[in-house]
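Peer 1: In order, the protein sequences belong to chains A and B. So the first sequence is numbered by the working numbering: it starts at 1 and just counts up by one. So the second sequence is numbered by the working numbering: it starts at 1001 and just counts up by one.
Number of protein chains: 2
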Amino acid sequence: MALSDAILVCLTERPMSGYDLAKYFDTSIGFFWHATHPQIYRELKKLGQRGHVVSDEEIQSGKPNRIVYCVTDAGRQALLEWSRKPVAPAVIKDDLLVRLQAIEHIDKRALRQQITARLAAHREQLAQYHHIRDVRFSDGEPEPGDLGKLMGLELGMEYENGWINWCKNALARLEPAGD
Amino acid sequence: MALSDAILVCLTERPMSGYDLAKYFDTSIGFFWHATHPQIYRELKKLGQRGHVVSDEEIQSGKPNRIVYCVTDAGRQALLEWSRKPVAPAVIKDDLLVRLQAIEHIDKRALRQQITARLAAHREQLAQYHHIRDVRFSDGEPEPGDLGKLMGLELGMEYENGWINWCKNALARLEPAGD
DNA sequence: TACCTATATGTGTCAATACACATATACTTA
DNA sequence: TAAGTATATGTGTATTGACACATATAGGTA
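(1) Compute the Euclidean distance between the alpha carbons of A/D107 and B/K1093, then round it to the nearest angstrom.
(2) Between the stretch 1026 to 1046 of chain B and the stretch 1071 to 1079 of chain B, are three or more C-beta pairs nearer than 8 Å?
(3) If A/L126 and A/E160 are in contact, beta carbons under 8 Å, what's the gap, nearest whole angstrom?
(4) By the 8 Å beta-carbon criterion, what residues does the stretch 1090 to 1104 of chain B contribute toward chain A?
(5) Could you check whether the Cβ of B/T1012 sits closer than 8 Å to any Cβ belonging to chain A?
(6) Can you pull the chain B residues whose beta carbon is under 8 Å from the beta carbon of A/L80, in chain order?
(7) Grab the span of the beta strand (DSSP E) containing B/E1158 for me, first residue to last.
(8) Cβ of B/V1135 less than 8 Å from any chain A Cβ?
(9) In whole angstroms, give me the CA-to-CA distance for B/P1089 and B/V1054.
(10) Whole angstroms is fine: what's the gap from B/T1027's alpha carbon to A/S17's?
(11) For B/S1083, does the count of other Cβ atoms within 10 angstroms reach 16, so buried, or fall short, so exposed?
(12) Using the beta-carbon of each residue, which ones in chain B are nearer than 7 Å to A/E158?
(13) Once DSSP output is grouped into helix, strand and coil, what is the label at A/V135?
(14) Can you pull the DSSP bridge partners for A/C10?
(15) Using the C-alpha atoms, what's the distance from A/R173 back to A/W166?
(16) With a threshold of 8 Å between beta carbons, is B/H1034 in contact with chain A?
(17) Going along the stretch 109 to 141 of chain A in order, which residues come within less than 8 Å of chain B, judged by CB to CB distance?
(18) Give me the chain B residues within the contact set of A/R76, using Cβ-Cβ distance strictly less than 8 Å, ordered along the chain.
(19) Using a Cβ-Cβ cut-off of 8 Å (strictly less than) and excluding sequence neighbours within five positions of A/R112, which residues of its own chain qualify?
(20) Buried or exposed, going by whether 16 or more other CB atoms sit within 10 Å of the CB of B/A1002?
(21) Give me the Cα-Cα distance between B/H1105 and A/L79, rounded to the nearest whole angstrom.
(22) Which same chain residues, not among the five before or five after A/L153, have their C-beta less than 7 Å away from its C-beta?
(23) In the stretch 58 to 112 of chain A, which residue ranges form an unbroken beta strand (DSSP E) of at least 3 residues, counting only runs that do not cross its ends?
Here it is as C-alpha cells:
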C-alpha cells in the first residue's frame, strides 16, 4: 500500500501525469522506492477512486493527451496519517551479498567482475547525487521544504560511499587468488 | 527466481529442514534476502522437482518428523551457473526516505520519533554483527570458505554505521524546530 | 487447568511487482 | 526510407511475496 503514498509525496511537489511520475521515479524518489509505469498508472486510478487525487486532461495536438493528477485535501490528510504510522524497516535485497555467502561454490572470476561492475555503478550513482546537490542545493542553507530532499541525498551519498569502500577492499582481498 | 538460489546457498553450508532454513533466514542470509516460512517450504518443493535438492525424512518421536534437504550435483551446477549471471542491482525500499521527500507535509514530531527508533534499530543490528564476528571470526584470518561471510558482515557493518551517522545528524538538524 | 512457546510442515488467498505487449504520433538519425 | 527515440496511456498475465489459518505434540509457566 506504500506505493500510493510515494505517489502522493511526488504530487505534493507539483501536479504530474503518469508519464511524469514514471520519469520522476527513475531519477528521484525511485532511488528509495522503485516503481514501473504500469504500476503507477494503476495506482493513480485507485487514488482517484479514493478521492486522494483529481485528474485533469490536458489536450495536446499530435502527441497523446496528458492526464495531470493533483493531490486533494483528502489526499493531503491521508499523507499526514501515513506519516504518523511507524515506518516499515528498510528492505535490503542484494544478490551479490547472497553469492558471497557461498564463495567456495561459485565462480570467483565472475564474482570479481561483478564487484568491479558494482563499484562502477556506485561511483556513477554517487556522481549523480553530487550533481543533483550541486544544481539544487549549491547556495548555502536549503529552504525548509527542501531540507528533507537534501537529507535524502546525504543518506544516498553515505550509502554509495560505503559501498565504494567495501568494493575496493573486496577486490583487494579477492585479487591475489589464482583462479 | 532468486529465492531458490538463496536456499541453495544455505544448503551448501549444511543440510537443513524447512524449519532450519526459516530460522537461518531470520539470523543470517536474511539480512540480505528476506523470506518467510511458507515461501521456503514451497520453494523447497520446486527445487526437489527440478532435482536441485534431495530430501530425507528424519523420524522423530513426539515432534513432527523433519524433512532434511541436501543439495545435489545438479543443484551445485545450477548455483555455479547462477553465479555467472550478472547480479541484479541492489533494491532499496525505504519508507523513511520517502517520507523525508515530503517533509513539509508530514508530522515532524512523528518523523523525529521514527528516526530515533531507526537509530536504535541500526545500533542493535550493528551490535548483532559485531557479536557474530566475535564468535565466528575472532581468531585472525578466516578460512577460505568463510571469507565471503566475513565480507558480508563487513558490508553490513559499513551499512549500519552509515545509517547511524546519518540518523544522528538528522536528529541534530530536526531537533531545533519548534513543532 | 489454561496458556504460551518451541518444534515441524504445510494450505489458501490476496496484494504487490515485473514484464511483455498494444497503440498512436512526431521527430531525429543512419 | 527504415529504424530508433521520445511522448503518452494503458492491458494482460505470471511470478513473487505477505499473512492468516490449519494441524500435531511436548514442555514450561501462571
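Here a beta-carbon is modelled for each residue, glycine too, at the ideal position from N, C-alpha and C.
Peer 2: Looking at the atomic coordinates:
(1) 29 Å
(2) no
(3) 4 Å
(4) A1090, V1091, I1092, K1093, D1094, D1095, L1096, L1097, V1098, R1099, L1100, Q1101, A1102, I1103 and E1104
(5) yes
(6) H1105, I1106 and D1107
(7) It is not in any beta strand (DSSP E) - B/E1158 instead sits in the alpha helix (DSSP H) that spans L1147 to L1174.
(8) no
(9) 31 Å
(10) 43 Å
(11) buried
(12) G1162, N1165 and W1166
(13) helix
(14) DSSP lists no partner for A/C10.
(15) 10 Å
(16) yes
(17) A110, L111, Q114, A117, R118 and A121
(18) H1105
(19) L171, L174 and E175
(20) exposed
(21) 7 Å
(22) Y129, I132 and R133
(23) 66 to 71 and 91 to 93
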